[in-house]
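Below you'll find the structure, written out as structure tokens, and then a few comments.
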Amino acid sequence: MGKLSPAGSATAPRAEPAEARGGAWQTGMVATATGLRLVLAPVVMALLMAGWDPLAGALFAVAAATDYLDGYFARRWRVSTATGSFLDTTADKVLVTAALIGLVAISRTSAWAALIIVGREMVIMGLRGSAATQGVLIVASQLGRVKAAVQFLAILLSTLNVGYLIGPMGIDQWFMALAVLITVGSGIDYLVRFSRVVIGRSRGAG
Numbered sequence: 003m004g005k006l007s008p009a010g011s012a013t014a015p016r017a018e019p020a021e022a023r024g025g026a027w028q029t030g031m032v033a034t035a036t037g038l039r040l041v042l043a044p045v046v047m048a049l050l051m052a053g054w055d056p057l058a059g060a061l062f063a064v065a066a067a068t069d070y071l072d073g074y075f076a077r078r079w080r081v082s083t084a085t086g087s088f089l090d091t092t093a094d095k096v097l098v099t100a101a102l103i104g105l106v107a108i109s110r111t112s113a114w115a116a117l118i119i120v121g122r123e124m125v126i127m128g129l130r131g132s133a134a135t136q137g138v139l140i141v142a143s144q145l146g147r148v149k150a151a152v153q154f155l156a157i158l159l160s161t162l163n164v165g166y167l168i169g170p171m172g173i174d175q176w177f178m179a180l181a182v183l184i185t186v187g188s189g190i191d192y193l194v195r196f197s198r199v200v201i202g203r204s205r206g207a208g
């Protein structure tokens, strides 16, 4: 992920350098990991609808792992850019959305949970896109990282139909409910930090 300022900071944004510091092959590796999520997203959805749960789960796990890899290598090789960060988070949202559509289609998760998660992701993606067009990044908060991990785990459990009962619901349902709560909370956190950036830019322009 690229950086604007420490998480939660209200300082004015700064543009990323025009050129990445890593070489072309490092940048290509990061882009490939991001692109793999975009490619696998519709495949996972199709496999879910076809009833191939184990294969869908395996491919979803691989796709989710690339989220860690591209972020890790982007930071290590210092190839983070506003555009790269936007594509990274967009790939996450496409993967989550595609998987949730597949799960709702086979009645594996509730439509309301999927609607809340997807709705939040679309709003945040729009805000990130607006910032990225200006070469600005808002660093991911710790809550945002937890949100992504819980979403991935909830979707994986639902994909593999792991429904061991814990009280009134299965473990997959509990994690999906937790994912909804954290998704809403992290969305509010992002909106607050985004508004601080907008206010900071307005004051700077004034």
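The opening residue of the sequence shown carries number 3 in the working numbering; numbering runs sequentially from there.
For glycine and all other residues, C-beta sits at the position ideal for the given N, C-alpha and C.
- Only residues of its own chain outside the window of five on either side were considered, and among them L6, A133, R195, F196 and V199 have a CB closer than 7 Å to the CB of I140, listed in chain order.
- Annotated three-state conformation of G169 is coil, per DSSP.
- Boundaries cannot be given for I140, as no alpha helix (DSSP H) includes it and DSSP labels it neither H nor E.
- The DSSP-derived three-state label of W176 is helix.
- In this model, G121 and R78 are separated by some 32 Å (Cα to Cα).
- CA-CA distance, L38 to A65, rounds to 7 Å.
- Distance from the Cα of I126 is smallest, within the candidate group G86, G59, D94 and A179, for D94.
- In this structure, the CA atom of I108 is about 36 Å from the CA atom of G30.
- The C-beta separation of K149 from I184 comes to about 5 Å, placing the pair in contact by the 8 Å criterion.
- Note that the C-beta distance between A26 and L71 is not below 8 Å.
- In this structure, the alpha-carbon of F75 lies about 19 Å from that of G146.
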